[in-house]
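Q: So the sequence shown is numbered by the numbering used here: it starts at 66 and just counts up by one.
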Amino acid sequence: MVQFDDTYDDEKLSELRRAEEEHLMRELAASYGYQYIYLPGITINPSALTVIDEKVAREAEAVAFERHNKQLNIALHNPNNPAVQALLEQLKKDNWKLTIMICSKASLEHAWLRYQDQRSTIAVTRGVLDIDPTSIANLVKSLRGLEDVTARIEDIRTLNSARRVSETLEAMFAGAISLHASDIHIEPEETGIRMRFRLDGVLHDVIDMQRVIYERLLSRLKLLAGMRLNAHDEAQDGRFTFTIGEQTVEVRASVIPGAAGESMVMRLLDPTVASFSFENLGLNPILRETIEEELKRPNGLIITTGPTGSGKTTALYAFLRKVHTPDVKIITIEDPVEYKLEDIVQTQVGDEYTFASGLRAILRQDPDVIMVGEIRDREVAETALQAAKTGHLVFSTLHTNSAVGAFPRLIDLGADYRSFGSAVNIVLGQRLVRVLCNHCKEAYEASPEEVALIKDTIKDHPHPPQLSDPLILHKPVGCPHCNQTGFMGRQGLFEAVRMDAAVEEAILRDPREHIIAEAAAPQGIPNMTHDGVEKVLAGTTSLPELIRVVDLENRRQHAATPEAGEDDFADHIV
Ligand SMILES: [Zn+2]
Numbered sequence: 066m067v068q069f070d071d072t073y074d075d076e077k078l079s080e081l082r083r084a085e086e087e088h089l090m091r092e093l094a095a096s097y098g099y100q101y102i103y104l105p106g107i108t109i110n111p112s113a114l115t116v117i118d119e120k121v122a123r124e125a126e127a128v129a130f131e132r133h134n135k136q137l138n139i140a141l142h143n144p145n146n147p148a149v150q151a152l153l154e155q156l157k158k159d160n161w162k163l164t165i166m167i168c169s170k171a172s173l174e175h176a177w178l179r180y181q182d183q184r185s186t187i188a189v190t191r192g193v194l195d196i197d198p199t200s201i202a203n204l205v206k207s208l209r210g211l212e213d214v215t216a217r218i219e220d221i222r223t224l225n226s227a228r229r230v231s232e233t234l235e236a237m238f239a240g241a242i243s244l245h246a247s248d249i250h251i252e253p254e255e256t257g258i259r260m261r262f263r264l265d266g267v268l269h270d271v272i273d274m275q276r277v278i279y280e281r282l283l284s285r286l287k288l289l290a291g292m293r294l295n296a297h298d299e300a301q302d303g304r305f306t307f308t309i310g311e312q313t314v315e316v317r318a319s320v321i322p323g324a325a326g327e328s329m330v331m332r333l334l335d336p337t338v339a340s341f342s343f344e345n346l347g348l349n350p351i352l353r354e355t356i357e358e359e360l361k362r363p364n365g366l367i368i369t370t371g372p373t374g375s376g377k378t379t380a381l382y383a384f385l386r387k388v389h390t391p392d393v394k395i396i397t398i399e400d401p402v403e404y405k406l407e408d409i410v411q412t413q414v415g416d417e418y419t420f421a422s423g424l425r426a427i428l429r430q431d432p433d434v435i436m437v438g439e440i441r442d443r444e445v446a447e448t449a450l451q452a453a454k455t456g457h458l459v460f461s462t463l464h465t466n467s468a469v470g471a472f473p474r475l476i477d478l479g480a481d482y483r484s485f486g487s488a489v490n491i492v493l494g495q496r497l498v499r500v501l502c503n504h505c506k507e508a509y510e511a512s513p514e515e516v517a518l519i520k521d522t523i524k525d526h527p528h529p530p531q532l533s534d535p536l537i538l539h540k541p542v543g544c545p546h547c548n549q550t551g552f553m554g555r556q557g558l559f560e561a562v563r564m565d566a567a568v569e570e571a572i573l574r575d576p577r578e579h580i581i582a583e584a585a586a587p588q589g590i591p592n593m594t595h596d597g598v599e600k601v602l603a604g605t606t607s608l609p610e611l612i613r614v615v616d617l618e619n620r621r622q623h624a625a626t627p628e629a630g631e632d633d634f635a636d637h638i639v
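#1: Using a Cβ-based criterion (distance less than 6 Å to any ligand heavy atom), does C502 qualify as near ligand 1?
#2: Just to confirm my understanding: we take D302, look at its own chain, exclude 5 residues before and 5 after, and list those with CB closer than 6 Å. What are they?
#3: For ligand 1, I want to know if H546 counts as a neighbour, meaning its beta carbon is within less than 6 Å of at least one of the ligand's heavy atoms.
#4: In terms of residues, what are the limits of the alpha helix (DSSP H) holding P350?
#5: Mapping DSSP to helix, strand and coil, what is T199?
#6: Quick one: grab the DSSP three-state call for L78.
#7: From E447 to F472, what does the alpha carbon distance come to, in whole angstroms?
#8: Please name the residue in V388, V562, E403 and L163 whose C-alpha comes closest to that of A582.
#9: Using the DSSP secondary-structure output, state which residues sit across from K540 in a beta bridge.
#10: Taking the Cβ atom as the reference point for each residue, do V205 and I249 lie within a distance shorter than 7 Å?
#11: Rounded to a whole number of angstroms, what is the C-alpha to C-alpha distance between K506 and L381?
#12: Please determine, among A246, I165, R281 and L141, the residue with the shortest C-alpha to C-alpha distance to M553.
#13: If you check the beta carbons only, do A511 and L536 fall under 7 Å apart?
#14: Excluding the five sequence neighbours on either side, which residues of its own chain have a C-beta within less than 6 Å of the C-beta of H595, listed in chain order?
#15: Looking only at its own chain, which residues have a Cβ that is under 8 Å from the Cβ of V516, when we skip the five neighbours before and after it?
#16: Would a C-beta distance cut-off of 7 Å place G423 and Q495 closer than the cut-off?
#17: L602 and P646 - do their beta-carbons sit closer together than 7 Å?
#18: I'd like to know if the region 436–450 and the region 344–355 are in contact, where contact means that at least 3 CB-CB pairs between them fall below 8 Å.
#19: Kindly indicate which residue of V128, S112, E124 and E119 has the alpha-carbon position closest to the one of I102.
#20: Going straight from the alpha carbon of H389 to that of M166, what length do you get?
#21: Can you tell me the Cβ-Cβ gap for G470 and L501, rounded? I've got them flagged as a contact below 8 Å.
#22: Spell out the partners DSSP gives T164 in its beta bridges.
#23: For ligand 1, is there a heavy atom less than 6 Å away from the beta-carbon of C168?
#24: Do L558 and ligand 2 come close, with the Cβ less than 6 Å from some heavy atom?
#25: Which residue wins for smallest C-alpha separation from N503, given the options H528, I523, R555 and L463?
#26: Which residue from L617, T465 and C544 puts its Cα closest to that of L518?
#27: So what's G554 in DSSP terms, helix, strand or just coil?
#28: When DSSP labels each residue in this structure, what does L602 get in the three-state scheme?
#29: Take L385 and list the residues in its own chain whose beta-carbon comes closer than 8 Å to its own, dropping the five residues that flank it on each side.
#30: If we require 4 or more residues per run, which alpha helix (DSSP H) segments fall completely within the region 390–473?
#31: Tell me where the beta strand (DSSP E) around F384 begins and ends.
#32: Ordered along the chain, which non-local residues of its own chain (more than five positions away) have a Cβ less than 6 Å from that of Y180?
#33: Decide if the region 354–373 is in contact with the region 603–614; the criterion is three or more beta carbon pairs, one per stretch, under 8 Å apart.
#34: Return the bridge partner residues of S328 from the DSSP annotation.
#35: Thinking just about the alpha-carbon of each residue, which of P576, P105, D265 and R441 is nearest to the one in Y418?
#36: Apply the 10 Å Cβ neighbour rule to R263 and answer buried if 16 or more other Cβ atoms are within range, or exposed otherwise.
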């Protein structure tokens, strides 16, 4: 007797129905002459969503999901619905330029859920959080340095104000924005609560907070970020946005439990990253030319490597902007989408939409260029390599310490190394160094030890730079322009390995890092240590800063004994 598992069949059946509905919508869209869209997997832009009231949206069976200035992308289910016709008329009257797409009812239900987040955010900002955008805007203008922020929060501490917690929050956010901090850290310790800002990659103390303020501050931030308030012993993630004038600041927050209380880190997403241009990356001339050539090729895999916070994504975004023209279709899959790129379809991984399944879905959308946030497993590696071989230009990142390290890493993940030669175009390695403040940096004569270290480092430079005698270097001083840190902004140090016959042969023969590096040497591309020394000689950064980021001593020893401690590098990199 044949037995059926009913639950299994029900699941299959509803999955089939969902697939059928999507299929039907795709055909309907074509017959109406509109583009079809599948909304799960697409980031719904909150400022687009709220253009249409939830009640109106539900009646019209429509949703606004993407917006740029007065350009609005709307997905709708039934163009013949009278309510939607009225809605579209009204939007046109309000000067919206509309792009209309067709989607399934299930897509709409998914997107409408986002109204809930919106409701809670508004309730929180207006009611519980009580942050005043005008006072933040005024504070941003008045807080000029770290001391100003510290002094302002000190002041609040001594004020007998009912708004003490709100004012501390305002001063914290205003200070972070004014100083271009990338992260705010709140760390409880036995002796006190530290608040620190990360400026140009380095943490700076702001203030020691009172525990009573910390506890109330943390509760409000958790509420704002949509975290559970009564959970104190688990890690939680969340995000929220706040607005200052024209600028919307997106914040990703996370808490972890600790002995003295929960630590919170908030990353402020800098919208200027998305507009970072290829020309501003600080590539040396050889590498700039090399990458420009690679970006002109119609297919192949381009990988950037480096530890977390080394600017891999910024570089990829700059490459995407460089290849972006109206006749090129670009789709990204990211975890999460941090920055919105104009006119590029960006999707975000979720429970069912993984890098692997997402990448397969993207390939069915007939893109020219694909960006995959990170290659983390065999499936993604194989799919990316396959896509690169079948006419797509594919960008991705790998978590390795050097450009050559990408090949053994891909092999570790289980990718077929025989396909590297035809699929991979170029691998880049990068780090970020702080740039000396132009207003206060000071020239000095290098010590004999510094001269020796530099000479030793450029010994194997493919085109060694001339050293002046005496050798003049620069060091940080500190002034009001740079918050007394001596540095302003960061720049990348780069290296690269192109795929050529020699590199391919090395990968097939013995894919260890030093063997591949040897095979790539005739390409004449400086490595990131060489690049760093050149930036020190040019006065862009200081020698101690270079050593902080790329351990010169260790790197040389490493080159001498390549088998030992391949992974030690990451420990030396901040
Ligand atoms: Zn300065």
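Just so you know, even glycine gets a beta-carbon here, dropped at the ideal spot from N, CA and C.
Fair warning: this is a prediction, and the values are worked out from it, not measured in the lab.
A: Reading off the structure:
#1: Judged by the Cβ position, C502 qualifies as a neighbour of ligand 1 at the 6 Å threshold, a heavy atom of the ligand being closer than this.
#2: Sequence-distant Cβ neighbours of D302 in its own chain, meaning closer than 6 Å and more than five residues away, are S319.
#3: For ligand 1, at least one heavy atom lies less than 6 Å from the Cβ of H546.
#4: P350 -> alpha helix (DSSP H) spans P350 to K361.
#5: Assignment of T199 by DSSP, reduced to helix, strand and coil, places it in the helix class.
#6: Shown here, L78 sits in a helix according to DSSP, grouped into three states.
#7: Rounded to whole angstroms, the gap between the alpha carbons of E447 and F472 is 13 Å.
#8: The shortest Cα separation from A582 among V388, V562, E403 and L163 belongs to V562.
#9: DSSP links K540 through a beta bridge to E507.
#10: Taking a C-beta distance under 7 Å as the contact criterion, V205 and I249 do not qualify as a contact pair.
#11: Each residue's alpha carbon lies about 31 Å from the other.
#12: Of the candidates A246, I165, R281 and L141, the one whose C-alpha sits nearest the C-alpha of M553 is A246.
#13: A contact, by the Cβ cut-off of 7 Å.
#14: H526.
#15: In its chain, beyond the 5 residues on either side, L532 and L536 have a beta carbon closer than 8 Å to the beta carbon of V516.
#16: In this structure, Q495 does not lie closer than 7 Å to G423 by Cβ.
#17: Residue 646 lies beyond the range of the chain shown here (66 to 639); nothing can be said about it.
#18: The answer is no - the region 344–355 does not touch the region 436–450, with fewer than three Cβ pairs under 8 Å.
#19: Comparing alpha-carbon positions, the option among V128, S112, E124 and E119 lying closest to I102 turns out to be V128.
#20: One C-alpha to the other measures close to 22 Å.
#21: About 29 Å separates the CB atoms of G470 and L501; that is not less than 8 Å, and the two are not in contact.
#22: Residue pairing by DSSP puts T164 in a beta bridge opposite N138.
#23: The answer is no for C168.
#24: Absent from the structure shown: ligand 2. Ligands present: ligand 1.
#25: Measuring from the Cα of N503, the nearest candidate turns out to be R555.
#26: Of the listed residues, the one whose Cα sits closest to L518 is L617.
#27: In the structure shown, G554 sits in a strand (DSSP, three-state: E or B).
#28: L602 sits in a helix when the DSSP states are folded into three classes.
#29: The answer, listed in chain order, is I395, T397, L406, I409, V434, M436 and F460.
#30: Every unbroken stretch of the alpha helix (DSSP H) spanning 4 or more residues and falling wholly within the region 390–473 is given here in chain order: 420–428 and 443–454.
#31: F384 -> not in any beta strand (DSSP E); alpha helix (DSSP H) instead, spanning K377 to V388.
#32: Apart from sequence neighbours up to five positions away, the residues of its chain that approach Y180 with a beta-carbon distance below 6 Å are E119, ordered along the chain.
#33: No: the two stretches stay apart, fewer than three of their Cβ pairs being nearer than 8 Å.
#34: Paired residues: I321.
#35: Taking Y418 as reference, the option from P576, P105, D265 and R441 with the minimal CA-CA separation is P105.
#36: Result: buried.
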